[in-house]
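What follows is a single structure, written as structure tokens, with notes after it.
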Ligand code: ISL
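Residue numbers (my numbering): 454 to 969.
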């Protein structure tokens with residue numbers, strides 16, 4: 454499969470919570486197979502699957518114990534081969550997750566490494582006699598003492614996720630072999646987990662963006678074997694200044710990056726502050742401008758498996774849920790770049806509300822709860838967790854409103870918000886997403902065309918996209934109604950309200966076309 458990057462439209466699948474085909478409460482490949490039609494019908498042409506390799510699942514698969522095997526509970530490796538084939542038959546490219554920074558401590562490499570200081574696998578990981586002050590992203594120190602050998606190993610995430618030592622050429626060779634193995638199975642690319650963390654800078658005291666980062670990425674993806682791949686690096690350090698270093702074509706590193714500034718995450722996930730929609734639009738717009746100016750192709754996304762639901766975080770998940778969800782769909786699908794939708798976004802799923810800490814599963818959330826128990830009142834603790842927990846994105850997709858066995862407490866609003874209900878509704882979020890994707894395929898100016906911001910203030914955001922002979926103008930009204938002068942000689946292609954465009958109601962999103 455070889456699609457021009459600007460033409461890609463991704464749908465992200467979190468297999469554990471997508472669709473369960475055998476009733477054991479865990480989503481699986483059989484479930485994904487049964488929903489190919491649903492995915493295809495939406496119009497996307499690529500999927501990214503989060504890890505479903507063999508793993509103790511301390512971090513839901515981001516703690517891999519065998520890079521060469523798909524866990525049996527998901528259906529095993531053969532089933533994955535079938536899935537890749539079926540997606541391809543339907544014109545959908547398949548991107549797998551590549552977890553490069555760490556392995557599970559259950560991985561045979563780590564099991565060998567901790568046997569003794571002179572074990573041949575010792576240097577696959579990062580050991581120190583004395584820990585430094587680095588903190589784990591999931592809370593607490595990033596170093597764990599190993600009593601047997603008397604040294605500490607680095608774990609930037611959970612204790613059970615040991616950081617690999619990429620300065621060791623044998624590690625880099627192993628990781629190239631992993632990539633090549635999955636290429637041979639037919640995958641079209643990789644989403645690379647926390648890729649900017651693989652080179653550490655101990656001198657500067659920075660756990661990432663180290664001096665050899667770009668050398669390592671090139672070594673992985675600058676090869677003939679990897680030439681046709683789509684590669685996207687999850688790079689929290691990526692910004693307008695350094696993006697070129699990651700994804701300028703001639704550098705032979707990555708196709709694109711996931712940067713996070715637009716999601717307004719600087720105060721941490723458990724802050725109760727709700728970012729203004731205007732701020733989201735401002736940052737999205739600035740990212741568009743700087744990436745285009747540099748000839749780079751950005752990703753455009755509002756959700757993934759680590760983020761709360763965008764309708765709850767940036768808009769209104771109550772009275773205006775449909776309008777909010779469709780407006781956010783417009784923001785994702787009408788900008789320049791590669792859109793990524795996250796499962797459930799296409800039916801307007803909101804955050805899930807839970808009144809007991811027992812109903813949360815995510816390791817980061819549980820660590821936060823433990824660390825703050827007694828420091829915050831129970832209500833504060835529950836409120837912050839309900840707003841920010843990664844579990845918001847991980848409650849199983851409610852295909853219908855019925856209760857089923859599931860590995861995690863189900864989505865609290867499943868009876869009201871589910872796929873069957875959305876399909877039956879007069880105002881279907883899925884249908885609007887489908888229409889947006891259809892526009893993206895029909896009008897070349899949306900994929901190839903220029904971008905210009907026409908208006909951005911506390912009331913609304915308006916931009917235009919254009920190329921030879923056609924221009925699309927997209928208007929997004931925020932919470933407060935406003936009066937509007939529709940563009941002249943333009944026809945309405947899509948509208949989440951309908952009726953006169955002279956008054957823009959809360960969360961209205963209208964798309965106009967003007968031909969010249
Ligand atoms: O968003 C974050 C900071 O609070 C973290 O949740 C997140 O861990 C970070 O974005 C890195 O994410 C990736 O690597 C993690 C894994 O838990 C995430 O699911 C993954 O997307 C460790 O592999």
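Ideal placement from N, C-alpha and C gives every residue a C-beta, glycine not left out.
Worksheet item: Where does residue 588 fall in DSSP's three states?
Response: strand
Worksheet item: In whole angstroms, what separates the C-alpha of residue 605 from that of residue 661?
Response: 19 Å
Worksheet item: Is any beta-carbon of chain C found at less than 9 Å from that of residue 523?
Response: Judged by its chain identifiers, the structure shown contains no chain C, having just a single protein chain.
Item to complete: Pick out whichever of 608, 784, 474, 592 has its Cα sitting closest to the Cα of residue 715.
Response: 784
Discussion item. Between the alpha carbons of residue 560 and residue 544, how many angstroms are there, rounded?
Written reply: 35 Å
Practice prompt. Check whether the segment 730 to 737 touches the segment 690 to 708, taking contact to mean three or more Cβ pairs, one atom from each stretch, closer than 8 Å.
Written response: no
Item to complete: Classify residue 881 as buried or exposed, calling it buried when 16 or more other Cβ atoms lie within 10 Å of its own Cβ.
Response: buried
Discussion item. Taking the alpha-carbon of residue 488 as reference, which of 625, 682, 472, 497 has the nearest alpha-carbon?
Written reply: 472
Discussion item. If contact is defined by three or more beta carbon pairs under 8 Å, each pair taking one atom from either stretch, is the segment 917 to 933 in contact with the segment 790 to 805?
Written reply: no
Worksheet item: Are there three or more Cβ pairs, one per stretch, closer than 8 Å when the segment 576 to 588 is compared with the segment 612 to 625?
Response: yes
Fill in: CA nearest to the CA of residue 466, picked from 883, 774, 550, 665
550
Fill in: Ranges of the alpha helix (DSSP H) found wholly within the segment 829 to 896, counting only runs of at least 4
831 to 841, 872 to 877, 882 to 895
Practice prompt. Going by DSSP, name the residue or residues bridged to residue 549.
Written response: 502, 643
Discussion item. Which residues does DSSP list as the beta-bridge partners of residue 914?
Written reply: 909, 929
Worksheet item: Relative to the alpha-carbon of residue 464, which residue among 566, 775, 503, 525 has its alpha-carbon at the smallest distance?
Response: 503
Worksheet item: Where does the unbroken alpha helix (DSSP H) through residue 491 begin, and where does it stop?
Response: 489 to 495
Fill in: The beta strand (DSSP E) enclosing residue 616, as first and last residue numbers
614 to 616
Worksheet item: By Cβ distance, which residues of its chain are closer than 7 Å to residue 633, with the 5 residues on each side in sequence left out?
Response: 678
Practice prompt. Classify residue 719 as helix, strand or coil using the three-state DSSP reduction.
Written response: coil
Practice prompt. Go to residue 462, then tell me how far its alpha helix (DSSP H) extends in each direction, as first and last residue.
Written response: Element bounds for residue 462: n/a, residue is neither H nor E.
Worksheet entry | Neighbourhood of residue 697 by C-beta distance below 7 Å, restricted to the same chain and skipping five residues each side | 747, 749
Worksheet item: What number of angstroms, rounded off, separates the C-alpha of residue 564 from the C-alpha of residue 574?
Response: 9 Å
Worksheet item: Measuring CB to CB, does residue 776 end up less than 9 Å from residue 910?
Response: no
Item to complete: Would you check if the distance between the CB atom of residue 570 and the CB atom of residue 602 is smaller than 9 Å?
Response: yes
Item to complete: Answer yes if the segment 700 to 719 comes into contact with the segment 663 to 683, meaning at least three C-beta pairs across the two stretches below 8 Å, and no otherwise.
Response: yes
Worksheet item: Can you tell which of 876, 844, 834 has its C-alpha closest to the C-alpha of residue 854?
Response: 876
Worksheet item: Would the C-beta of residue 722 count as close to the ligand ISL, meaning under 8 Å from any of its heavy atoms?
Response: yes
Worksheet item: So is residue 888 buried or exposed if we call it buried at 16+ other beta carbons inside 10 Å?
Response: buried
Worksheet item: In this structure, does DSSP put residue 408 in helix, strand or coil?
Response: Any property of residue 408 remains undetermined from this structure, which presents the chain solely from 454 to 969.
Item to complete: For the beta strand (DSSP E) containing residue 684, list its first residue and its last residue.
Response: 683 to 687
Practice prompt. Whole angstroms is fine: what's the gap from residue 722's alpha carbon to residue 589's?
Written response: 15 Å
Discussion item. So, at 6 Å on beta carbons, what are the nonlocal neighbours of residue 858 in its own chain, with the 5 sequence-adjacent residues on each side left out?
Written reply: 478
Discussion item. The ligand ISL and residue 614: does the residue's C-beta get closer than 8 Å to at least one heavy atom of that ligand?
Written reply: yes
Worksheet item: Leaving out five residues before and five after residue 505 in sequence, what residues of the same chain have Cβ atoms less than 8 Å from its Cβ?
Response: 468, 469, 482, 514, 523, 524, 527, 533
Worksheet item: How far does the beta strand (DSSP E) with residue 674 in it reach, from first residue to last?
Response: Where residue 674 is concerned, there is no enclosing beta strand (DSSP E), although the alpha helix (DSSP H) it sits in stretches over 666 to 674.
Worksheet entry | Spatial neighbours of residue 596 in its chain, beta-carbon cut-off 8 Å, leaving aside the 5 residues before and after | 581, 584, 585, 587, 605, 606, 607, 608
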